[in-house]
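Those letters in the sequence shown? Residues 25 to 325, by this note's numbering.
Contents: one structure, followed by commentary.
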Amino acid sequence: MSSNTNFYHVDAFTTQPFTGNPAGVMFLDSKDQFGDDELLHKIATELNMPATAFLLYKSSGDGSIAYEIKWFSAIRRIPICGHGTLAASHVVFQQNPNVTLIEYDAGPAGPLQASRTADNSVQLDFPAAYLVGMGDIGEALKSDVDLDKILASALNDDVHFEYIGRGDRGGYIDMIVAELPENYPLEEAKVDCNVLTGLFPVIRGVTFTTRTSKDETFHIHSRCINCVPGLGEDYVTGSAHCMIAPYWFKKIGIEADGELKAVQVSARRGSMTLGWKKEEMRCLIRSTAVTFASGTVTLPE
25 MSSNTNFYHV DAFTTQPFTG NPAGVMFLDS KDQFGDDELL HKIATELNMP ATAFLLYKSS
85 GDGSIAYEIK WFSAIRRIPI CGHGTLAASH VVFQQNPNVT LIEYDAGPAG PLQASRTADN
145 SVQLDFPAAY LVGMGDIGEA LKSDVDLDKI LASALNDDVH FEYIGRGDRG GYIDMIVAEL
205 PENYPLEEAK VDCNVLTGLF PVIRGVTFTT RTSKDETFHI HSRCINCVPG LGEDYVTGSA
265 HCMIAPYWFK KIGIEADGEL KAVQVSARRG SMTLGWKKEE MRCLIRSTAV TFASGTVTLP
325 E
């Protein structure tokens, strides 16, 4: 026996196909399917997207709907995924024109929300994190690891980093942020992703970021590299911006009710507008997505 399940290919953090970060979105019919991580990993491997979001309906109310959500790549389960959640929210809002709020139970990642904005964008509400020193929290790198040298080697440049830190909580502890000098030409950098795989499993990702005062549209440019062998560069990474948003809000001096405009200058490029709810330590990520394809996937019973 088998069942057909709807599948959507969505490009997130963009308004145009072939840009942004592609994600799969699947709505599952049963708790047995949703709870079978081996099956979900097999599906994600078969689809071979940077991430596939799996949703299981929970409940609905006046203008709201609730789902459980998980994300997988072809390599592993993803602890928290911004672009997968944006893609899933885009599909839910497209299918439910009267819904303005989505509540997600994301398991270890905690409760997440997505809201429909006045301009029909999607705003995600994710946990934020401060950046702390590499030795302040989490598993330590080996004593012989020269982190500055490794990061510079990945950029093929003998560059000085203004700051290197890691997230201070939750799924951000194993993610590094490295600030480059102002207006560093990050988009032109020839990043060698393989150099960074030696940091795994202690570190699963590195975000390079620079203040771009010469860019009249965006405050910052960034690029995010997976340290997990086989994954390479991430095209657009919502979760990484939940660490760099508080950092840049404070460093640039943006008011609490202000916005930080960010662009990830990967080959597919994508952008977002960020807010920071300091007291609650939440990051608001506002952007758009576009459905590239849809169809059905046949699953075994």
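All residues carry an ideal CB built from backbone N, CA and C; glycine is no exception.
Q.
Just verifying my parser: in three-state terms, what is the DSSP assignment at Glu70?
A. helix
Q. If you draw a straight line from the C-alpha of Gly106 to the C-alpha of Thr38, how long is it?
A. 13 Å
Q) Can you give the Cα-Cα distance for Tyr259 and Pro74, rounded to whole angstroms? A) 9 Å
Q) By DSSP, does Phe58 sit in helix, in strand, or in coil? A) helix
(Q) Relative to the C-alpha of Cys248, which candidate in Asp35, Arg190, Thr261, Leu64 has its C-alpha closest? (A) Thr261
Q | Alpha-carbon to alpha-carbon, Tyr271 and Asn250 | A | 21 Å
(Q) I need the DSSP call for Phe273, collapsed to helix, strand or coil. (A) helix
Q: Please go through the same chain and pick out, in chain order, the residues whose beta-carbon is closer than 7 Å to the beta-carbon of Phe185, but skip the five residues on each side of it.
A: Asp172, Leu175, Ala202, Glu203, Leu204
(Q) Are the CB atoms of Leu323 and Leu308 within a distance shorter than 8 Å? (A) no
Q: Following the continuous alpha helix (DSSP H) through Ala130, name the residue where it begins and the one where it ends.
A: Run containing Ala130: none; DSSP gives neither H nor E here.
Q | Nearest candidate by alpha-carbon position, reference His114, set Ile227, Ser311, Val156, Leu63 | A | Ser311
Q. Between the C-alpha atoms of Phe42 and Val289, what's the straight-line distance to the nearest angstrom?
A. 14 Å
Q) Do the stretch 152-171 and the stretch 113-130 make contact, defined as three or more Cβ pairs closer than 8 Å? A) no
Q.
Based on DSSP bridge pairs, tell me the residues matched to Ile200.
A. Arg190, Val230
Q) Taking buried to mean at least 16 other C-beta atoms within 10 Å of its own C-beta, is Ser295 buried or exposed? A) buried
Q.
Can you find the residues in the same chain that come closer than 6 Å, C-beta to C-beta, to Asp198, ignoring five residues on each side of it along the sequence?
A. Ile227, Arg228
**Q.** Spatial neighbours of Gly194 in its chain, beta-carbon cut-off 7 Å, leaving aside the 5 residues before and after
**A.** Pro151, Ala153
(Q) Between the stretch 43-55 and the stretch 76-90, can you find at least three pairs of beta-carbon atoms closer than 8 Å? (A) yes
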